[in-house]
Each structure stands twice: as structure tokens, then as C-alpha cells.
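Shown next, in C-alpha cells, is the structure this report addresses.
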Amino acid sequence: MEHIFDNKLNERISNGQLRSLNHFSSPIDFFSNDYLGLSSVKPKSISHKGSTGSRLLSGTSSISLVTEFKLAKFFDCEAALIFNSGYSANLGVYSCIPSRGDTIIYDEYVHASIRDGIRLSFAESLSFKHNDLTDLEKTLKKSKGNCYIAVESLYSMEGDMAPLRGMLNLADKYDAKLIVDEAHAVGVFGENGKGIVHARAIQDRIFIRIVTFGKAYGFHGAAVLSDEKIKQYLVNFSRPFIYTTAPSEDFYHRIQAVVFRKDIYSRQKALHDNLTFFREQESEMLISEPNSPIQVLRGVDLESLQIIAKRCIEKDIFTKLIFSPTVPKGKECLRFCFHSFNTAQEISLLKNILFT
Ligand SMILES: Cc1ncc(COP(=O)(O)O)c(C=O)c1O
Numbered sequence: 000m001e002h003i004f005d006n007k008l009n010e011r012i013s014n015g016q017l018r019s020l021n022h023f024s025s026p027i028d029f030f031s032n033d034y035l036g037l038s039s040v041k042p043k044s045i046s047h048k049g050s051t052g053s054r055l056l057s058g059t060s061s062i063s064l065v066t067e068f069k070l071a072k073f074f075d076c077e078a079a080l081i082f083n084s085g086y087s088a089n090l091g092v093y094s095c096i097p098s099r100g101d102t103i104i105y106d107e108y109v110h111a112s113i114r115d116g117i118r119l120s121f122a123e124s125l126s127f128k129h130n131d132l133t134d135l136e137k138t139l140k141k142s143k144g145n146c147y148i149a150v151e152s153l154y155s156m157e158g159d160m161a162p163l164r165g166m167l168n169l170a171d172k173y174d175a176k177l178i179v180d181e182a183h184a185v186g187v188f189g190e191n192g193k194g195i196v197h198a199r200a201i202q203d204r205i206f207i208r209i210v211t212f213g214k215a216y217g218f219h220g221a222a223v224l225s226d227e228k229i230k231q232y233l234v235n236f237s238r239p240f241i242y243t244t245a246p247s248e249d250f251y252h253r254i255q256a257v258v259f260r261k262d263i264y265s266r267q268k269a270l271h272d273n274l275t276f277f278r279e280q281e282s283e284m285l286i287s288e289p290n291s292p293i294q295v296l297r298g299v300d301l302e303s304l305q306i307i308a309k310r311c312i313e314k315d316i317f318t319k320l321i322f323s324p325t326v327p328k329g330k331e332c333l334r335f336c337f338h339s340f341n342t343a344q345e346i347s348l349l350k351n352i353l354f355t
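Heads up: the sequence shown at position 99 corresponds to 98 in numbering that gives the first Met the number 0, and the numbers run straight through without jumps.
Following this line, the structure appears as C-alpha cells:
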């Protein structure tokens, strides 16, 4: 048995792909998901009560119910159900909602948590080419049973957005339901950070949204936004929701402190101003949407990317090359996350490294 582990680990070492846990304390942050600098917010109220059980036993505190009620109102939907993480929310949705005989059609670039949820489901699954409406339609024609389309509104490895309206039109045409993961979009886009779906005023046409608190909100946890019936169904049948200890009360206080804020607009504006400054420099290597907090550099060979990464690190800008299997082979890239708090000096330094 030891042999198998050694072989697999050695393979990663020789491919330069070994993952390890390191503490990074770079003074210049172009790598965290703390897009709006909210990780340092302190909630006004704190509770000293720990968790006492799962949500279906003793773990449903009044603050958990109030937080879900407020989230549903804020994101403009009937109901919200909080999960311990975005990972478990996606497992919880995809393993539970599509049944045997149904089809899940997913964008080839969806996050690992969606893929793992799909693997847990008894439904059939088919992928379609990233953001490609023609391929989506071709795939929809092959679907059987109830059909669900799984996408993200903003892709974290590309920094591009899904053509949600086109997808909704196809979903209507083929009687499919659209499930949108807004992990990287909430906070950053939309009025008060309500996300891309809300900014496009299509929330009533989306079957389920997944929002997470671990990116722009600088915390952790997630909520599934849906109608009341889907929430009730998840509470009854979604194993990642049912069979886990509920978060402690502080968790809910903090979600309220980071989501329902008056200063989201000014933080969004600072972030978008920073992106405008960064994108003043035209470059074909930048494949992301100009207003995406995730800016991805691709289109040069691996060796050049490695040189750029080394130059960044020499200047205290931590960045990591993204290899396969996180991205497909040949699509290796460098990824930079922008924040409301990055200074003009930091961005100029990065521009100098990337473009000169
Ligand atoms: C699109 C997407 N969905 C879900 C998740 C998982 O969320 P969490 O980190 O809260 O488990 C991530 C995390 O990287 C993500 O990028």
C-alpha cells in the first residue's frame, strides 16, 4: 500500500505539482479572495455559545433562523439555507436535487465542489464547452428526465462570466433549470454586493443560487438561495446539511456583519478603480473580464510564466502558477486577485513586472 502513496506523491514531485501547506505572509496581497478587505471586520455582537448539535437537533438557534430570513430578503428570494461551506452547499444541492433518471449538464470549468456533488448524484451528467451556448444547446438535446444546468456566474480560474441570459433562454426552450454558483460574484457585483444574477435582474428565473461567505466577505460558510419548497426538500434530504454539526452562534453574527453593510459600495468602488488602473494597460495575455477581481494571465509559454512568477516573488508579490489538474493541460496560467485595499504603488509594481 505504501508503494501506491509513494508512487503517486513522487509523480507529483517530478511534475513539479506537489501540493503542500505553507504559511505565506506576503506584504503585498494579490492572491487572497478577500476582495473587499472584509476579513478584518469585527462583528458588534458576539456570543460565547458553542455549537450543540446538528441543525435538525439542537443546532437551530434563533440567530440562525433570523440570518437565513435576512439573507433571503437581501438576495431577493423566498428562502435561504445556510451550509458550513460552499463545498458542502454544492455537495448538498447536487447530491440531493437531481434524481435517478435526470440529467445534470455542467460547464466543463465548474468548481470541484460542483463536480463532487455531481459524482454523488444518481443523475446522469454531461459537460458542455466553457460558456459555449451552441454546445450547451447540443448537450441539452441529449438530456433525459428533469434537466439541471450547473454554472458559475464568475469563474475563478478564468475570471470570466457566464452568458446567463442566453443560458436562461435555452433552459426555457428545453425545460431545464439553471443552478448558479455566485461564490466569486457576491460582494463584488450588484447593488450592495447582491451578485451578478441580481445585477442582471434575473433572480426570479434562476432555480437555485449558491452564495458563499469565504471570498469577498472574508469569512467562511455559504447559503443556498431558492424557493421555500426546495429549502424544505434540502432540509429533509440533503445529507451534507443534515449530518453535520451546526455552526456556533458567532458564525451567524459574523455573516450579518459582513453581508449587511453600508460601506459595500465604497469598497466595491475602490476595487473597481484599482481594476481600471490595472487594465489601462492593454494586453492580449489578460483573458479575464476587465471588471473581474480575478485577473488571469495566459497565452505565453510555461517557461515565460515561470519567469514572471519568479520576478513577482522577488518583489514580494506572492503568486502561484496554476497547473493541471486544477486547469486543463496547456491552460496553465498566473492568477492575480485584486482588492479594494491594493495601493496604486502595488499595482504599478505588478504592471511593471507583467508588461515590461
Ligand atoms: C465557484 C466555487 N464554488 C464553491 C467553492 C467552495 O466554497 P468554500 O470555500 O466556501 O467551501 C469555491 C471555492 O473556491 C468556488 O470557487
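C-beta: ideal position from N, C-alpha, C; glycine also.
Query                                                                              : Result
Pick from S126, A215 and F188 that is closest to F340, judged by C-alpha positions : A215
Closer than 8 Å: H219 CB and nearest ligand 1 heavy atom                           : yes
For H2 and L177, the rounded distance between their alpha carbons                  : 44 Å
Straight-line gap, E283 to F354 (C-alpha atoms, nearest Å)                         : 11 Å
First through last residue of the beta strand (DSSP E) which encompasses K176      : A175 to D180
N83 to P97 span [Cα, whole Å]                                                      : 21 Å
V187 beta carbon near ligand 1 (any heavy atom closer than 8 Å)                    : no
Through-space distance from E151 to T102, alpha-carbon basis                       : 18 Å
Distance between L17 and K261 (C-alpha atoms, nearest Å)                           : 43 Å
Nearest-angstrom beta carbon gap, I346 and F277 [assumed within contact, 8 Å]      : 5 Å
C-beta contact flag for L135 and E181 at 9 Å                                       : no
Residues near F322 in its chain [Cβ-Cβ closer than 6 Å; skip 5 each side]          : Q16 and E331
Contact set for G116: own chain, Cβ-Cβ below 8 Å, skip 5 residues either direction : N89, L90, G91, V92, Y93 and S94
Contact check, V223 vs R208, beta carbons under 9 Å                                : yes
I113 versus H197, A149 and L163, residue with shortest Cα-Cα distance              : A149
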